[in-house]
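Student:
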Amino acid sequence: MIGSVGFGALYSSFLSQQSRQKNQQKQDLINKNYNEIYAHEAAHKAAGGALAGAIVIEKNADGIPVGGHVAIKMPSLNPANPKKTIDDANTVIRSAMAPSDPSAQDYRVASQARSIKAQAQGMLNKNQGKKLDYRA
1 MIGSVGFGAL YSSFLSQQSR QKNQQKQDLI NKNYNEIYAH EAAHKAAGGA LAGAIVIEKN
61 ADGIPVGGHV AIKMPSLNPA NPKKTIDDAN TVIRSAMAPS DPSAQDYRVA SQARSIKAQA
121 QGMLNKNQGK KLDYRA
């Protein structure tokens, strides 16, 4: 016996302290990951405006945040209104590139929106060319 406390009580206290430390470390990791992921996704949401959906935080089996996403409405090519397509594509590009650390997926979304924007710009230029073609 060590003093008035038995070895079993000391060992139990030691295990309890280790468990508390492990739980605190896990909670710290959860908070850190959540804050980083939420900030990244919130940047997408803020820049995406009405085209952006809700922030979704994904967690692993231990409840630790490991990723997230914000759905965004990718514009479709609208021959009747290419200017709106261009405006929406610009919003998607801004949203995709809004975080300070864009992911590979963010770059892919921005690239897709740039492609749609280029097609819409071609339509707009073609339409404006037709409007300016005044032949007598």
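This note's numbering puts the first residue of the sequence shown at 1, with every later residue one more than the last. Just so it is clear, CB atoms sit at the ideal spot from N, CA and C, and this is done for glycine as well. Remember, it's a predicted structure, so these values are computed and weren't measured experimentally.
#1: Take D88 as the anchor and find which of P99, S103, I72 has the nearest alpha-carbon.
#2: Please state whether the Cβ-Cβ distance between A120 and I86 is less than 7 Å.
#3: Report buried or exposed for M74, applying the criterion of at least 16 other Cβ atoms within 10 angstroms of its Cβ.
#4: Need the endpoints of the alpha helix (DSSP H) that I93 sits in, please.
#5: Straight-line CA distance for A98 to H40?
#6: Considering Cα atoms alone, identify which of A61, K45, R20, N33 is closest to R94.
Tutor: For this structure:
#1: Within the sequence shown, residue 88 is the residue found at index 88, counting from 1. The shortest C-alpha separation from D88 is found at I72.
#2: Counted from its first residue, the sequence shown places residue 120 at position 120. Counted from its first residue, the sequence shown places residue 86 at position 86. Yes. Within cutoff.
#3: Working through the sequence shown from its first residue, we reach residue 74 at position 74. By the neighbour-count rule (16 or more Cβ atoms within 10 Å), M74 is not buried but exposed.
#4: As a working note, residue 93 is residue 93 in the sequence shown. That run of the alpha helix (DSSP H) goes 82-97.
#5: Looking up residue 98 in the sequence shown gives position 98. Looking up residue 40 in the sequence shown gives position 40. The straight-line gap from Cα to Cα measures roughly 8 Å.
#6: By one-based count along the sequence shown, residue 94 stands at place 94. Of A61, K45, R20, N33, the residue nearest in Cα terms is K45.
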